[in-house]
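Step one of this worksheet: look at the structure below.
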Amino acid sequence: MKQAQAQQKLLQILQAENKAMSAYQLLEKAKPHGFQAPMQIYRALKQLCEQKQILKLNTLNLYIASIVNFDGPYQILTVCTHCQHVQSIAIPKFDRCIRRSLSTKKFNPKCEYLEVLGQCFSCVSKHEHPTILK
Numbered sequence: 025m026k027q028a029q030a031q032q033k034l035l036q037i038l039q040a041e042n043k044a045m046s047a048y049q050l051l052e053k054a055k056p057h058g059f060q061a062p063m064q065i066y067r068a069l070k071q072l073c074e075q076k077q078i079l080k081l082n083t084l085n086l087y088i089a090s091i092v093n094f095d096g097p098y099q100i101l102t103v104c105t106h107c108q109h110v111q112s113i114a115i116p117k118f119d120r121c122i123r124r125s126l127s128t129k130k131f132n133p134k135c136e137y138l139e140v141l142g143q144c145f146s147c148v149s150k151h152e153h154p155t156i157l158k
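In terms of the working numbering, the sequence shown opens at residue 25 and continues consecutively.
Structural data, given as structure tokens:
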């Protein structure tokens, strides 16, 4: 399978699943399409990340079809550790604060989003005694 075809197939899988997935979860979904080894998956994922078509969620080592506007403000990504659902939140005041702080420290970030781990409302509501921060 050509590299461009491999990348396109993985992107389609991530878009169809609509949640963050590990490389091994992707391999299982991609096997019917000719993928055989983890290295095939990792090569394609690396290219897709470089092209900003997908994001690697570093805290959980998961991948998701890109939901971040890379030309926009810094964003907060909420990641449900139970169902792997990811949402993007853009807050203009947060963006200004982060950019000012990074500029003051003369720091050049690799990514323009912050990952926040927790449980989404759907997963919390399935438990008998949900705890939601207010």
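Ideal placement from N, C-alpha and C gives every residue a C-beta, glycine not left out.
Just so it is clear, the structure is predicted and the values come from calculations on it, not from any experiment.
Measure the C-alpha to C-alpha separation of residue i and residue j and round it to an integer number of angstroms.
i                : j              : result
valine 148       : valine 140     : 16 Å
leucine 79       : arginine 67    : 14 Å
alanine 40       : proline 116    : 30 Å
lysine 43        : leucine 81     : 11 Å
lysine 30        : isoleucine 65  : Note on identity: in this sequence residue 30 is alanine, with lysine being the wrong assignment. Each residue's Cα considered, the two are about 8 Å apart.
tyrosine 87      : tyrosine 48    : 11 Å
serine 146       : threonine 102  : 13 Å
leucine 34       : threonine 128  : 39 Å
lysine 134       : isoleucine 91  : 17 Å
methionine 63    : threonine 105  : 25 Å
phenylalanine 59 : leucine 51     : 7 Å
glutamine 77     : isoleucine 100 : 18 Å
aspartate 119    : leucine 72     : 25 Å
glutamine 27     : glutamine 75   : 13 Å
Buried or exposed: where does residue i fall if 16 or more other Cβ atoms within 10 Å of its Cβ makes it buried?
i              : result
isoleucine 113 : exposed
lysine 53      : buried
methionine 45  : buried
glutamine 108  : buried
cysteine 121   : exposed
glutamine 143  : buried
alanine 61     : exposed
alanine 89     : buried
Along the beta strand (DSSP E) that carries residue i, what are the first and last residues, could you check?
i             : result
glutamate 139 : 137-142
leucine 79    : 78-81
glutamine 111 : 110-114
leucine 86    : 86-89
cysteine 147  : Cysteine 147 -> not in any beta strand (DSSP E); alpha helix (DSSP H) instead, spanning 145-149.
cysteine 104  : 99-104
Could you give the residue range of the alpha helix (DSSP H) that holds residue i?
i            : result
aspartate 29 : Reading off the sequence, residue 29 comes out as glutamine, not aspartate. Where glutamine 29 is concerned, the enclosing alpha helix (DSSP H) stretches over 27-41.
alanine 47   : 47-54
glutamine 71 : 62-74
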